[in-house]
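Take a look at the structure:
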């Protein structure tokens with residue numbers, strides 16, 4: 438074997454090893470959670486409220502709470518994020534001001550989630566007098582999700598070939614018609630990926646909901662947008678650290694449900710993506 | 026008779042770079058007007074000035090007058106102007122949708138939703154672009170599956186579907202084989218009765234075959250405009266002669 442061939446094999450071997458190192462912890466974590474939690478999963482665990490100081494019963498209110506928070510966050514952040522990304526990419530003039538905004542958006546996604554939590558507490562809960570409520574929680578999570586949605590949408594729009602826009606404009610279409618019919622359809626898979634990614638993160642976050650919406654123990658379901666709710670990540674934190682003599686299997690089962698919920702969201706986005714890819718004809 | 030296109034002292038810049046200098050060009054109705062010249066001589070910029078596609082580039086500036094059928098194009102709205110002046114790009118630019126949807130795109134954007142009207146427009150446009158017989162049985166299959174030559178004629182059909190007066194061609198055959206090129210050229214000849222056409226080409230032989238009159242551009246200036254037969258046999262300027270005999274460019 439020549440020297441170049443040997444070096445190539447070493448390089449490929451190294452890259453394979455590194456890839457394994459990335460994948461292995463994920464697999465181990467998943468396996469650990471499933472192996473320890475699956476025993477406690479039952480229909481009652483999914484559909485019953487917690488009992489006996491949360492040491493028994495199920496996690497139904499927390500599942501419903503997280504579901505409400507995800508849907509509410511999506512309703513708030515998706516239109517705002519996508520529309521502002523469209524504005525930034527397609528309409529805004531490329532000057533110092535827009536460049537500053539783009540830079541700020543990218544940097545906002547790096548802010549620790551607890552900062553968003555405190556922001557939500559001061560602005561939504563206290564200043565706007567929303568109290569600790571679903572509305573305040575969703576708004577906080579939406580603010581946290583926006584940078585990722587905007588960045589993903591921006592990149593998806595920018596990856597649509599400039600020639601598509603030129604074709605459309607050269608046929609006498611207006612700018613908005615061009616965006617609507619010749620750019621957006623091809624950006625949707627990318628937008629979906631970014632949205633689901635940021636909503637998955639929002640679903641699993643504890644810090645932003647800690648002061649804005651999450652209830653320590655609230656077995657009944659919320660009655661309005663101004664109610665508090667239980668949420669899976671906060672419930673998991675509570676039963677893992679705040680409740681003595683907590684059966685460990687319940688914590689793992691809760692984690693398992695949370696992971697499954699996020700996985701389900703990703704599955705939906707994969708199906709939607711495949712659907713939109715099919716519409717694009719090669 | 027009013028000229029189809031007339032530019033008067035047209036100057037164009039991208040940033041501080043002047044791309045066109047004092048260009049005076051007059052294109053008659055229903056003629057095929059050729060523009061030849063080496064790379065970077067401003068041919069494409071001239072074309073894209075006519076339907077204002079240059080204006081999409083933020084650093085673009087322009088002075089002088091461009092008239093379309095006797096009217097200053099600055100008085101014409103973008104959407105109307107681009108509908109009246111269609112363009113065919115260098116590489117076939119089809120959208121990743123069906124053949125039918127490609128041709129129907131323009132009419133749909135102009136508010137035509139009626140299915141049978143659209144079908145009529147699509148068939149007529151494809152016929153005029155000499156593509157109908159090749160695609161009539163697979164109108165709803167992806168346009169990207171067509172060959173390069175077919176794709177370019179599809180682009181012509183798509184432009185015809187919005188009923189322009191003028192069609193601009195920006196090196197339309199640069200990526201095509203000789204047979205496809207011949208078909209596109211034949212299509213252009215057939216379109217002469219109805220449309221004014223401006224052809225930018227790097228292929229001097231193509232200009233000689235297709236065009237009624239030709240302009241020779243060099244470094245952003247018009248060196249010479251003449252009947253094609255005159256330009257290619259007896260050019261008035263030494264530089265034109267050098268270019269068409271292949272001494273540079």
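Residue numbers (my numbering), protein chains in the order written: chain A, 438 to 719; chain B, 26 to 274.
Here a beta-carbon is modelled for each residue, glycine too, at the ideal position from N, C-alpha and C.
Predicted, not measured: the structure shown is a model, and the values here were computed from it.
- DSSP places residue 36 of chain B in the uninterrupted beta strand (DSSP E) bounded by 30 to 39.
- Contact of residue 70 of chain B with chain A is not assigned, every C-beta pair being separated by 8 Å or more.
- With a cut-off of 8 Å on Cβ pairs, the region 187 to 204 of chain B is not in contact with the region 253 to 267 of chain B, counting fewer than three such pairs.
- Within chain A, the residues whose beta carbon sits less than 9 Å from that of residue 130 of chain B are 604, 605, 608, 610, 618, 619, listed in sequence order.
- Going by beta carbons, residue 510 of chain A and residue 569 of chain A fall outside the 8 Å limit.
- Only residues of its own chain outside the window of five on either side were considered, and among them 686 have a CB closer than 6 Å to the CB of residue 476 of chain A, listed in chain order.
- The beta carbon of residue 605 of chain A sits closer than 6 Å to those of 615, 619, all from its chain and outside the five residues before and after it, given in chain order.
- Judged by pairs of C-beta atoms under 8 Å, the region 240 to 249 of chain B touches the region 49 to 65 of chain B, as three or more such pairs exist.
- Residue 700 of chain A is positioned such that its CB atom lies no closer than 8 Å to that of residue 473 of chain A.
- For residue 85 of chain B, the pairing in a beta bridge is given by DSSP as B:39.
- Per DSSP, residue 195 of chain B is one residue of the beta strand (DSSP E) stretching across 191 to 195.
- Beta-bridge pairing by DSSP links residue 91 of chain B to B:32.
- Around the beta-carbon of residue 514 of chain A, 16 or more other beta-carbon atoms lie within 10 Å, marking it buried.
- Using a Cβ-Cβ cut-off of 8 Å, residue 600 of chain A counts as an interface residue toward chain B, since at least one Cβ of chain B sits closer than that to its own.
- Taking CB atoms only, residue 112 of chain B has a neighbour in chain A less than 8 Å away.
- Residue-level contact by beta carbon fails for residue 481 of chain A and chain B, as no gap is shorter than 8 Å.
- In the DSSP assignment, residue 209 of chain B falls within the alpha helix (DSSP H) that extends over 203 to 216.
- Beta-bridge partners of residue 494 of chain A (DSSP): A:487.
- Among the CB atoms of chain B, one or more fall inside 8 Å of the CB of residue 614 of chain A.
- Rounded to whole angstroms, the gap between the alpha carbons of residue 115 of chain B and residue 51 of chain B is 23 Å.
- For the region 527 to 557 of chain A, the set of residues with a beta-carbon nearer than 8 Å to any beta-carbon of chain B comprises 530, 531, in chain order.
- According to the DSSP assignment, residue 118 of chain B belongs to no beta strand (DSSP E), since it is labelled neither H nor E.
- Residue pairing for residue 111 of chain B: DSSP places it in a beta bridge opposite B:192.
- One thing to note: residue 594 of chain A has its Cβ within 8 Å of the Cβ of residue 527 of chain A.
- In this model, residue 129 of chain B and residue 563 of chain A are separated by some 55 Å (Cα to Cα).
- Annotated as distal: residue 543 of chain A and residue 590 of chain A, with beta-carbon spacing of 8 Å or more.
- Taking 8 Å as the upper bound for CB-CB distance, residue 484 of chain A and residue 495 of chain A are in contact here, some 6 Å apart.
- In the DSSP secondary-structure assignment, residue 240 of chain B is bridged to B:60, B:250.
- Taking a Cβ-Cβ cut-off of 8 Å, the neighbours of residue 104 of chain B in chain A comprise 609, 610, 611, given in sequence order.
- Within the region 80 to 105 of chain B, the residues whose Cβ lies closer than 9 Å to some Cβ of chain A are 81, 83, 103, 104, 105, listed in chain order.
- Look at residue 164 of chain B here: in three-state DSSP terms it is coil, with no helix or strand label.
- A residue is called buried once 16 or more other Cβ atoms fall within 10 Å of its Cβ, and residue 467 of chain A, having fewer, is exposed.
- Interface criterion met: the Cβ of residue 76 of chain B is under 8 Å from a Cβ in chain A.
- Shortest Cα-Cα distance from residue 156 of chain B to any of B:182, B:139, B:119 involves B:182.
- For residue 143 of chain B, the enclosing alpha helix (DSSP H) has its first and last residue at 140 to 153.
- Under the three-state reduction of DSSP, residue 262 of chain B is assigned to coil, being neither helix nor strand.
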